[in-house]
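Quick notes on the structure that follows.
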Amino acid sequence: MDTDRAVEFARSATIRDAPADVERHVKIRVLDTLAAITAGFRQEGVDIVRDYAIERHAESDASRGATLLDGTGTALTVAGATLANATAANALDVDDGHREVKGHPAAVVIPAAMATAEVADATIRDFLDAVYIGYELAVRAGLAIHELDGVYTGTGSWGALGAAAAAARLNGLSEEQTAHALGVAEYHAPRTPIMRGVERPGMTKDGIGWGSYAGVVAADLAASGFTGSGTNFDDINDRHSLDGPFHVTRGYLKPHPCCRWAQPGVEAVLGLVSQNELDPGSVERIRVATFEEVTYLQTCAPTSPEDAQYSYPYPVTAALVRGQFTQAEHAAEGQSDPEVLDTAERVELLVDEALDAAFPHECLARVEIETTEATYESGVTKARGARDDPLSDAARLEKARRLVSPTLPMTVIDRLEMRLDDGRRSVASLTNSWRS
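Rendered as structure tokens:
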């Protein structure tokens with residue numbers, strides 16, 4: 135695949151031409167991401183980006199603006215809404231992910247597509263096509279970057295191209311303008327050294343907000359004549375062909391708001407707790423056998439939401455002591471639970487050769503909990519939500535309802551799901567749920 139082929143895909147591909155399950159997966163990711171955004175605006179620190187966007191990107195005519203999905207009904211420019219909504223999408227680390235590219239395509243593509251579609255008065259059908267296009271190109275751009283550079287960079291570094299593709303499609307850019315939009319987005323995308331973010335967590339995280347913002351700005355610049363310099367698609371071979379696989383069908387959904395790497399451990403502990411009468415006070419040691427990258431998630435006493443998300447000991451012991459790992463465990467009250475913090479110090483992370491070899495295609499762990507009375511073993515565990523172990527419809531909808539509340543009524547999720555099935559409606563029929 136080269137840039138010309140990517141441009142052709144961006145300008146002409148539709149869900150109707152893809153396999154039957156593609157549309158269903160696109161809709162699932164849209165609903166999951168909108169719920170994650172809504173909850174993300176309640177997260178500590180996101181108000182900084184939201185306030186910046188309101189101050190610098192306010193839209194005086196609300197009917198011509200893009201909706202800030204925080205429940206206030208605030209209208210911003212496309213760029214401002216994209217920046218704030220995309221930052222919120224990944225704030226809880228509960229958004230969709232993709233194993234092979236090791237990132238979060240939906241969080242960077244969907245906010246850009248939704249803001250652009252709303253201002254362009256596009257239909258839901260056009261919006262879903264743009265999400266599909268952006269998702270597929272974003273993942274392929276990430277795979278290409280990792281192949282060419284050999285450096286693990288986060289979502290913003292490659293997702294910007296997907297956001298630009300979605301915006302270019304919705305704005306009806308020409309072939310030449312679309313080529314420049316992709317090139318400008320990739321060239322201007324943030325550099326996101328993800329392992330630094332894992333070791334030293336900050337609000338920058340995967341660079342998703344800025345990557346999404348860079349994508350829509352690149353499309354605007356290209357429409358005005360700003361030129362790019364091609365893309366990395368010109369430098370790779372045909373292994374990243376657009377004929378398949380369809381990556382939107384190969385992603386995962388997260389049941390818990392923390393790094394995907396830690397979720398097998400959380401699942402294993404929850405399973406052991408449900409099967410045995412475990413007294414957290416009797417725990418002497420928790421051993422987690424898993425893959426090497428996990429050993430960087432060492433934080434036992436988080437002091438910020440990002441610390442809590444990029445930790446292995448903390449979510450595992452919260453699951454043991456509190457029976458859950460939710461947004462509440464990101465807050466100061468959850469982080470100061472003395473029983474959780476004491477138990478977190480007893481977690482030992484070990485590299486298992488077989489589990490390490492399975493990463494990144496699979497994210498696995500095996501947990502052993504040693505107590506004063508007995509030792510309990512989980513067996514090899516994977517996190518729920520993967521392609522071969524998807525969340526049930528009931529589970530994913532319950533997750534979405536939990537995330538939107540109390541900002542919006544839980545019934546909003548059922549209404550949004552129905553409206554996504556009516557492609558003739560305007561995208562405003564979706565965003566109005568945050569304005570009323």
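Taking my numbering, I'd label the letters of the sequence shown as residues 135 to 570. From the three backbone atoms N, C-alpha and C, an ideal C-beta is built for every residue, glycine too.
Check                                                                                                         : Outcome
CA-to-CA distance, V501 to A423, given in whole angstroms                                                     : 6 Å
Residue range of the unbroken alpha helix (DSSP H) whose run includes G347                                    : According to the sequence shown, residue 347 is Tyr rather than Gly. 342-357 is the span of the alpha helix (DSSP H), which, as asked, contains Y347.
Local conformation of H495 per DSSP, three classes                                                            : coil
Three CB pairs or more closer than 8 Å across the region 379-388 and the region 205-217                       : no
Buried/exposed call for P391, threshold 16 Cβ in 10 Å                                                         : buried
Straight-line gap, T477 to G415 (C-alpha atoms, nearest Å)                                                    : 8 Å
N- and C-terminal bounds of the beta strand (DSSP E) containing S512                                          : 509-516
DSSP three-state assignment for Y386, whether helix, strand or coil                                           : strand
Extent of the continuous beta strand (DSSP E) to which T338 belongs                                           : It is not in any beta strand (DSSP E) - T338 carries neither H nor E in the DSSP assignment.
Cα-Cα separation between A357 and A396, rounded to whole angstroms                                            : 42 Å
Three-state class that DSSP yields for R421 in the structure shown                                            : strand
Sequence-distant residues of its chain with Cβ nearer than 6 Å to T211 (five each side left out)              : H191, E193
C-beta contact flag for I328 and G288 at 9 Å                                                                  : yes
DSSP state of G231 mapped onto helix, strand, coil                                                            : strand
Contact check, G276 vs P239, beta carbons under 9 Å                                                           : yes
Other residues of its chain near E426: CB distance less than 7 Å, five sequence neighbours each side excluded : V485, D490
For E270, the nearest candidate out of G293, R394, S408 (CA to CA)                                            : G293
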